[in-house]
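Notes for the one structure printed next.
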Amino acid sequence: MKILHSNIRKGEYKLQIQNLDDLWYLSQIIDTGDTAKGRTIRKIKTGGSSDDAASSVIRKPIFISIEVEKLAYTKDSLRILGRINEASEDISKGEHHSFNVEEQTIISIIKPKWYKYQLEKLKESAEQKDTKILVCVFDREEATVALIKKYGFEILTEFTGNMQKKGDPDKQNKHSSNFYEEIISKLTEYTVRLGIDHVVLASPAFFKEDLMKELKDNELKKKIILATCNAVGKPGINEVLKRPEVKEVLKQERTAKEINLVDKLLSEISKQALAVYGLKETRNAVDAGAVETVLITDGYIFKLREENKYQEIDKLLKHADTMKAAILVISSEHEGGKKLDGLGGIAALLRYRLQY
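Counting from 787, one number per residue, gives the positions in the sequence shown under the working numbering.
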């Protein structure tokens, strides 16, 4: 996300969306009651009534400002819905309208107050690096290739091989080579097409080393980091993201940070030490000033927004901000987020142990 202009006195930031990850960041920054303004498209019917065959629709660009009422977010799109409070054309205030935000969209967000965690989100999105990491987990029968994203990971392809366990060694080697060649072909394709910086290659046993013997592309070899995993598919990707040999390359990546924090939370919970989970317990800890970091999943946030219950959580997060607690929104897409969702979607790491 690119910050084009800021007016701190007015609480306004003018932003340009640069990639799909920015849509996720923006969905975490905007609150109900904020003002969103920018250029959008208004559909105007001409040539008669809507039932008239001669009528047509003109798409006209206009400037508009809305008071935000609702967000609709997916990995590929963000819609901001609300009531018009300012427009450049003869449009009545109070009418409903929506912004469809996509790559290269320029939009201004105005808040009565920007909280620290929201500004940190904005800064994080503006400073995010374009390091692209590919992960491939495979065994003798199947392979999964995924792209690490700021909010988790995206499965690019899954396919099966035909590597034989026993029988004619020559036949086994032939099948192995064919499967390895297919994996190498996919890695080469995605590395070139997506501009990949690092490739994490993981497998149980010796499969990864055998594949490396088949790999002739020296440029691709330079990008590869070897890791061990016990599973393939999504479980294998989640497992690899926590491996010590991978943490160095992932240490600046949001996904690894989130998974590590959730693991720390679970460790503290198991010791009945510096952690609480659930809405009530987290609120009590925030009120006591005992919270170091609030962890909340984006899935939980989206669920509450859909149910029109977000105001309670919004109040809690803003109170935590005033109590100098850090706030981290965890993606529900990866294993760490799913574990946190299993605890109710919200938890906290504590500065000190609470006495009940």
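Just so you know, even glycine gets a beta-carbon here, dropped at the ideal spot from N, CA and C.
Asked, Found
"Burial state of Asn741, where buried means 16 or more other Cβ atoms lie within 10 Å", "With the chain running from 787 to 1142 in the structure shown, residue 741 is simply not present."
"In DSSP terms, what Arg828 is bridged to", "Lys846"
"Leu1081 - partner residues in DSSP beta bridges", "Leu1114 and Ala1133"
"Backbone secondary structure at Ser894 - three-state DSSP", "strand"
"CA-to-CA distance, Ala929 to Ile848, given in whole angstroms", "49 Å"
"Buried or exposed (CB count within 10 angstroms, at least 16 for buried), Asp862", "exposed"
"Under 8 Å between C-beta atoms of Gly887 and Ile895", "Note on residue identity: the sequence assigns Val, not Gly, to residue 887. Result no, Cβ atoms of Val887 and Ile895 do not sit closer than 8 Å."
"Glu1044 burial status per 10 Å Cβ neighbour count (16 or more: buried)", "buried"
"Glu1121 (DSSP reduced to helix, strand or coil)", "helix"
"Local Cβ density within 10 Å of Met787, reported as buried at 16 or more and exposed below that", "buried"
"Helix, strand or coil at Phe965 [DSSP, three-state]", "helix"
"The alpha helix (DSSP H) enclosing Thr1108, as first and last residue numbers", "Tyr1096 to Thr1108"
"Span separating the alpha-carbon of Tyr937 from that of Ser842", "41 Å"
"Reduced DSSP category for Lys935 - H, G, I as helix; E, B as strand; rest coil", "strand"
"Enclosing beta strand (DSSP E) for Lys872 [first to last residue]", "Just to set this straight, residue 872 is Glu in the shown sequence, not Lys. Start and end: Ser863 to Ala873."
"Collapsed DSSP secondary structure at Ile1010 in the structure displayed", "strand"
"C-alpha gap between Ile789 and Asp808, whole angstroms", "12 Å"
"Helix, strand or coil at Tyr976 [DSSP, three-state]", "helix"
"Buried or exposed (CB count within 10 angstroms, at least 16 for buried), Gln890", "exposed"
"Cutoff 7 Å; reference Asp1003; Cβ partners in own chain excluding five residues on either side", "Thr974"
"CA-to-CA distance, Ala1042 to Arg1029, given in whole angstroms", "10 Å"
"Chain-order list of residues whose beta-carbon lies under 8 Å from that of Lys1089 (same chain, five-residue window excluded)", "Gly1131"
"Ile816 versus Lys918: straight-line alpha-carbon distance, rounded", "27 Å"
"Through-space distance from Lys999 to Gly1085, alpha-carbon basis", "42 Å"
"Nearest residue (CA-CA) to Leu908, options Tyr799, Asn964 and Lys856", "Tyr799"
"Closest Cα partner of Asn823 within the set Glu881, Lys1020 and Ile866", "The question names Asn, but residue 823 in the sequence shown is Lys. For the residues Glu881, Lys1020 and Ile866, the minimum Cα distance to Lys823 belongs to Ile866."
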